[in-house]
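In terms of our numbering, the sequence shown is residues 146 to 274. Ideal placement from N, C-alpha and C gives every residue a C-beta, glycine not left out.
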Amino acid sequence: MMKCNCHFHLKGEKSTIEDNRKLYVNDGRHNHKIGVYFHAHTQAARLMDDQLKLTEEFNRSQVTPQNIMASLLEKNPNYAVSKQTIYNTRAKMKKKRMEGRNMVEEVLHQCNERGLGVIGETVKKQYPK
């Protein structure tokens, strides 16, 4: 079996008396040096407050995740950021912005925000809650 590319050994037993199972770790030690690339480590790849603000600003300007990542790495080349971190951050921002609304409710909300209430009211009449 593998655990972060380290070989380790497990042993599983089923109890003969009860319907229980036990799992033992026979050899769980690391057999290599700690890696220098932390892109896969969520704690190391987490965005700081200033980077979150910058990502939010870029997101509002419809900058692509690849360009957001390039900009963050340009400011700090030692930072362990990945495109997946940017995608996850954008999804969290969208969820926060939607305030619990589903997609249809969000479209209605955006229509009302932009002064297109007639469309929103028509749809609300056709599909009441």
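| request: With a 10 Å radius around its C-beta and 16 neighbouring C-beta atoms as the bar for buried, classify P222 as buried or exposed. | output: Taking the sequence shown and counting its residues from 1, the one referred to as residue 222 is at position 77. So P222 counts as exposed.
| How long is the line joining the alpha carbons of M214 and V226, rounded to whole angstroms? | For the purposes of this step, residue 214 is identified with residue 69 of the sequence shown, where counting begins at 1. For the purposes of this step, residue 226 is identified with residue 81 of the sequence shown, where counting begins at 1. In a straight line, the C-alpha of M214 is about 7 angstroms away from that of V226.
| message | Measuring straight from C-alpha to C-alpha, what distance separates K237 and E219? | response | If you number the sequence shown from 1, residue 237 lands on position 92. If you number the sequence shown from 1, residue 219 lands on position 74. Approximately 24 angstroms, taken between the alpha carbons.
| Any idea which residues DSSP pairs K275 with across the strands? | Because the chain spans 146 through 274 in this model, residue 275 falls outside it and cannot be assessed.
| request: Assuming L192 contacts T230 (C-beta within less than 8 angstroms), just tell me the rounded distance between them. | output: Residue 192 sits at position 47 when you count from the first residue of the sequence shown. Residue 230 sits at position 85 when you count from the first residue of the sequence shown. Confirmed, Cβ separation roughly 7 angstroms.
| query | So what's R87 in DSSP terms, helix, strand or just coil? | reply | This structure does not reach residue 87, given that the chain is present from 146 up to 274, and the question cannot be answered.
| query | Taking the continuous alpha helix (DSSP H) assigned at N221, which residues delimit it? | reply | Mapped onto the sequence shown, residue 221 falls at position 76. Segment: none, N221 is in no alpha helix (DSSP H) and carries neither H nor E.
| Inter-residue spacing [alpha-carbon to alpha-carbon] between R259 and Q207 | The sequence position of residue 259 within the sequence shown is 114, counting from 1. The sequence position of residue 207 within the sequence shown is 62, counting from 1. One C-alpha to the other measures close to 19 angstroms.
| DSSP state of R205, grouped into three classes? | As a position in the sequence shown, residue 205 is number 60, starting the count at 1. In this structure, R205 counts as helix in the three-state DSSP scheme.
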